[in-house]
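Residue numbers (my numbering), protein chains in the order written: chain A, 1 to 166; chain B, 1001 to 1766.
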């Protein structure tokens, strides 16, 4: 935790100006409603380093991501964590999100989640608190494509919810 | 054959005519407009060339630059982590201007308690905070950083009037400094060295609890002269923490006193090697100078392990001298392992050097020095022969930072010495990148404070080339199953996610770093990729490499601006690139080119309705023309075949007989298939259209239509294709080399591609 304390004291976020070390904490989550399949498809992209830090702190400090070993246990942690951080309410009912799996794409973990059996969407709200518990300056960008309408939200600790009505 | 072309033109002519009539029916008066053409020259954006900076992009006949020479005595207090310095600066005014005052940069003040850097960061109150976070955020005063300026005095020893404005200090000279004159003054200072791991920072120390030692990587540690030049006057943009540095060239004579058991290396030549090296080190050093394939260890891990059991209270002074450098950095610790290897650059030997703690091994002893050597070779090939005598890679946690001849790099195995590919390639890439910075901006000395992309973008581009070279020269560096270096930045397809992303969080490349939303993508990846695409796809390596080398050569040891780069690239290649700079560097437009429509035509000797109109209008005979009938149109009849009409059209046959010899006729193409392909461009960037036509016989042909095809219509263009083989599919940008953000419209017939989500879901299910 020491690093984050100091980060806060100095707030020298801008001095993260080193190449290859990403200097900002951002996740991007794409949410698409595919009506024919009655499915809300969610792909969440999180930096491997950030997620690894989180998993180390929360679950097991020996966790190393993308190390070519069996990651069944890690997948369990990611599932538990993401499902506790991501809340989606459709037509005023909280949705049951299914964690399908994850894959690595360079320095990013791509997590696949789905909400099944959605016949129509009249209202949609999304809350994404991923990594807010470790990075105070974390931003979670959520891009929705629902009923032909595209919308983008930036969720931050002070404003962690996005709402849409159709 | 000319006549055939004429007929095709006629078809177009008629089509245009129809549009013209529709336009006339439009009653609404139209507003005028300025020149919005994507190919408009950059006269509005560029400043007018002058005596300082020529229209060719080269330094002008009156180009000048200032010089700052430093003499410094430094002492490290390792116990209290403080650095003391006494420096004398001799400033030479080579400008034609009279200077009333000098500005000195005090970058350490960014860490002072009164720094304004934290004040420009937006922050919020969290619903809950850990006790430690709460205490440190709201109750502690924080780190006591920043320069303590003890005295500023002139060459005569008298105090000089000075004023500190945050990270800048104005020196008021007793009398104005005229053109060609020198001014010498000295500054005495000290500051508390920051912990660069826990406080983050480009320089500072890392503390190792297990043996109670620090490893120092020291930079922007001394008051440094600001740049005065013909474009900015004095650099007046403060150091907020992100945008890096603008520094004049000069010579440095630096004496650094550190504990006797420390190993130190830095910018410049070590002038008292015999005083600070043991006999063993000296012997190994001589061996390293002749070792071109494997590094020679100067200070071994075993020696370090033994040494750090105690701490010496004696001191050693390391003396370094550097000529024509823009900055000075050094690293010192009793924990450093040190290895070196010679590398031939041109006809000169350069020393590739690495310094690292034992926690860097086995990765660092295996790869750091080789990566340094390989980088120097690649960059020298792409720019100019590396002019300095050495390049050092120092291992420092979470770092990636560059100074002349020396840089700090991350990449650390775990406690058992294991590392993932991510750590390995992260380490190799960062070393290649930071060593590469010797060329941009240490030698081609652009203004980092104003234009991050000028060094980071150019460097990221050459880094890509150097990474690919590295894996070719050292295939053992790759992991199982890999055939090329896994570069993160460079290939076009890797930038599409950023460029096709949310426009609210994208800034043009020509934006000051501090004001960009996605610093890495904006200043590194996008310009690096833009140059890679320019090289590989738009200009071709031959033209590009010559011009890029010319830019590097023209501006080595000088201060270029963005326009000097843009202009040189055009001037040295005879390739007007204004459209490319405008689109890629001045806007946030992205590439999206697709196939809107493909129409098939049959050629016939029987006049169509439109054909009859033309005959009537020009008083022609039906057999004077051939006619194109669109597949599926009203006039299309079931019996029409795709065939060559030279056998059916008597006038065509006669024309060929009259105008061409039998030999020539035998070589003639006999097109049977006619198509009109319409390309559309939902993206704002103009780019060449690279099209692959695949034929029924299994062959294919790739055609590139230069970007200028978009000059008269920025939305869509059509091409008539006559072919002796049937086209079965058409693909735009088949090799993904243009950074097309949406490839779903790139194919005809339209391919229904399975989305990423469904693909993954199916894979998991199976």
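Ideal Cβ positions, reconstructed from N, Cα and C, are used throughout, including at glycine.
All of these numbers come straight from a predicted model, not from anything done at the bench.
Residue(s) in a DSSP beta bridge with residue i
i, result
"residue 1049 of chain B", "DSSP lists no partner for residue 1049 of chain B."
"residue 27 of chain A", "A:46 and A:140"
"residue 1073 of chain B", "B:1086 and B:1255"
"residue 1630 of chain B", "B:1601"
Three-way DSSP call (helix, strand, coil) for residue i in this model
i, result
"residue 1644 of chain B", "coil"
"residue 1196 of chain B", "coil"
"residue 1428 of chain B", "helix"
"residue 1225 of chain B", "strand"
"residue 36 of chain A", "helix"
"residue 1363 of chain B", "helix"
"residue 1747 of chain B", "strand"
"residue 1110 of chain B", "helix"
"residue 1332 of chain B", "strand"
"residue 94 of chain A", "strand"
"residue 1401 of chain B", "strand"
"residue 135 of chain A", "coil"
"residue 1118 of chain B", "helix"
Short CB-CB distance (under 8 Å) between residue i and chain A
i, result
"residue 1764 of chain B", "yes"
"residue 1470 of chain B", "no"
"residue 1447 of chain B", "no"
"residue 1681 of chain B", "no"
"residue 1757 of chain B", "yes"
"residue 1380 of chain B", "no"
"residue 1221 of chain B", "no"
"residue 1114 of chain B", "no"
"residue 1530 of chain B", "no"
"residue 1771 of chain B", "This structure cannot speak to residue 1771 of chain B, because chain B is shown only from 1001 to 1766."
6 Å Cβ shell around residue i - same chain, five flanking residues per side excluded
i, result
"residue 1426 of chain B", "1411"
"residue 1726 of chain B", "1673 and 1696"
"residue 1440 of chain B", "1455, 1458 and 1459"
"residue 1088 of chain B", "1071 and 1186"
"residue 1535 of chain B", "1541 and 1544"
"residue 1496 of chain B", "1739 and 1741"
"residue 1523 of chain B", "1452, 1453, 1456 and 1513"
"residue 1184 of chain B", "1090 and 1155"
"residue 1263 of chain B", "1299, 1336 and 1338"
"residue 160 of chain A", "127 and 129"
"residue 977 of chain B", "Absent from the structure is residue 977 of chain B, since the part of chain B shown begins at 1001 and ends at 1766."
"residue 1493 of chain B", "1736"
"residue 1421 of chain B", "1479"
Span of the alpha helix (DSSP H) around residue i
i, result
"residue 953 of chain B", "Outside the modelled stretch of chain B, which goes from 1001 to 1766, sits residue 953 of chain B, for which no answer is possible."
"residue 1656 of chain B", "1650–1659"
"residue 1174 of chain B", "No alpha helix (DSSP H) contains residue 1174 of chain B, which is instead part of the beta strand (DSSP E) from 1168–1177."
"residue 85 of chain A", "72–85"
"residue 1555 of chain B", "1541–1555"
"residue 1528 of chain B", "1526–1533"
"residue 1462 of chain B", "1452–1473"
C-beta neighbour in chain B for residue i, strict 8 Å
i, result
"residue 44 of chain A", "no"
"residue 152 of chain A", "yes"
"residue 38 of chain A", "no"
"residue 109 of chain A", "no"
7 Å Cβ shell around residue i - same chain, five flanking residues per side excluded
i, result
"residue 1159 of chain B", "1151, 1152 and 1153"
"residue 57 of chain A", "134"
"residue 1241 of chain B", "1110 and 1117"
"residue 1473 of chain B", "1374"
Close Cβ partners of residue i (< 8 Å) along its chain, the five nearest in sequence each way excluded
i, result
"residue 1259 of chain B", "1076, 1078, 1311, 1312, 1313, 1314, 1315, 1316 and 1334"
"residue 1274 of chain B", "1282"
N-terminal and C-terminal residue of the beta strand (DSSP E) that residue i is part of
i, result
"residue 1703 of chain B", "1700–1705"
"residue 1604 of chain B", "1594–1604"
"residue 1317 of chain B", "1315–1325"
"residue 1265 of chain B", "1263–1266"
"residue 103 of chain A", "98–105"
"residue 1281 of chain B", "Note, residue 1281 of chain B: premise wrong, no beta strand (DSSP E); alpha helix (DSSP H) at 1279–1288."
"residue 1679 of chain B", "1673–1680"
Practice task
Pull out every residue of the region 1491–1512 of chain B whose Cβ sits closer than 9 Å to any Cβ of chain D, in chain order.
Solution key: You won't find chain D in this structure, because its protein chains are A and B.
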